[in-house]
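The sequence shown runs 8 to 232 under our numbering. Note that CB positions come from ideal geometry on N, CA and C, so glycine has one too.
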Amino acid sequence: EYENWYRWSNTNPNYTGPWGQPVWHHNDTNNKYYYGLFWSGMPDLNYENENVQEKMKDIASFWLEDIGVDGFRCDAVKYIFEENTILENTSETYQWWSDFHNYYKSLKPDAFSVGEAWDSSNIVLSYTGDKFDTCFEFQLASDIISSVESQSALSIKSKMKYLKSSFPYHQYATFLTNHDQNRLMNELSESVGNYKLASAIYLTLPGYPFIYYGEEIGMRGEKPD
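In structure tokens form, the structure reads like this:
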């Protein structure tokens, strides 16, 4: 009964994902192909199915009202709806997040959301405002790390000028690394001085700072997770 909660094809559409990965996987049980952007063990939900959309709203309601959480970190927000071979940043994806934003705000007006749109700053901007309360600024994170390594503030100054002129007031999330990346200590060749400098920069910049757990004590580790 849940088969149409996922995307199926009788034949292999045989196109690849944004980083060249296979996205259609064979199922021996029904001899069909199912869509899974990230890997074969993670089939994507079919948001064309209205039951899927309603279930996502039910889940949000459960966490906000029954459990009492204050908001959500939403992962891989670019990949909700597909338009043929266009797999990210589709018009339907933007519309879904706008509708979802309105829905959870209707339940709990002060609930807070952060979106992970791993892309250029202009794409991050497109998910900010009426879709998420803030989004992670990946290019700023890279600029901070590279500036600390080079001991030059030029790239940070350039990026901050863009963010200040383009984003709603302070409505972006500063961070340095996350679970998909090497930890900061590894990135900075275990330089404690540079580690402290990078941390001081991003924690005192405008925006909403996020700390990937373990960074506060200088943990080491390489991707993934």
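DSSP state of histidine 108 mapped onto helix, strand, coil: Within the sequence shown, residue 108 is the residue found at index 101, counting from 1. Note: histidine 108 maps to helix in three-state DSSP.
Classification of glutamate 95 by the beta-carbon crowding that lies within 10 angstroms, buried from 16 upward: Mapped onto the sequence shown, residue 95 falls at position 88. The residue is buried, with at least 16 neighbouring Cβ atoms inside 10 Å.
Aspartate 140 versus phenylalanine 79 - alpha carbon distance: Here residue 140 corresponds to residue number 133 of the sequence shown, with the count starting at 1. Here residue 79 corresponds to residue number 72 of the sequence shown, with the count starting at 1. In a straight line, the C-alpha of aspartate 140 is about 10 Å away from that of phenylalanine 79.
Counted within 10 angstroms of its Cβ, other Cβ atoms place tyrosine 9 as buried (16 or more) or exposed: Reading the sequence shown from its first residue, position 2 is the one you call residue 9. So tyrosine 9 ends up on the exposed side.
Reduced DSSP category for threonine 141 - H, G, I as helix; E, B as strand; rest coil: Position 134 of the sequence shown, counting from 1, holds the residue named residue 141. Three-state result, threonine 141: strand.
Same chain only: Cβ atoms within 8 Å of threonine 23, ignoring 5 sequence neighbours per side: Numbered from 1 along the sequence shown, position 16 holds the residue referred to as residue 23. Pro29, Val30.
Residue of Lys230, Lys39, Ser47, Val76 minimising C-alpha distance to histidine 186: On the sequence shown, residue 186 is found 179 positions in, with the first residue counted as 1. Cα-wise, what sits closest to histidine 186 is Lys230.
DSSP bridge partner residues for arginine 14 (one or two, in chain order): Stepping through the sequence shown from its first residue, residue 14 is reached at position 7. DSSP output for arginine 14 lists no bridge partner at all.
The stretch 121 to 134 in contact with the stretch 148 to 161 per 3-pair CB rule at 8 Å: no
Local Cβ density within 10 Å of serine 120, reported as buried at 16 or more and exposed below that: Mapped onto the sequence shown, residue 120 falls at position 113. Buried is the call here.
Identity of the residues DSSP links to isoleucine 121 by a beta bridge: Working through the sequence shown from its first residue, we reach residue 121 at position 114. It is worth fixing the name first, because residue 121 is valine in this sequence and not isoleucine. In the DSSP output, where bridge partners are listed per residue, valine 121 has Arg80, Thr141.
For asparagine 19, the nearest candidate out of Gly27, Asn34, Tyr13 (CA to CA): The count along the sequence shown starts at 1 and reaches residue 19 at position 12. It is Asn34 whose Cα lies nearest to the Cα of asparagine 19.
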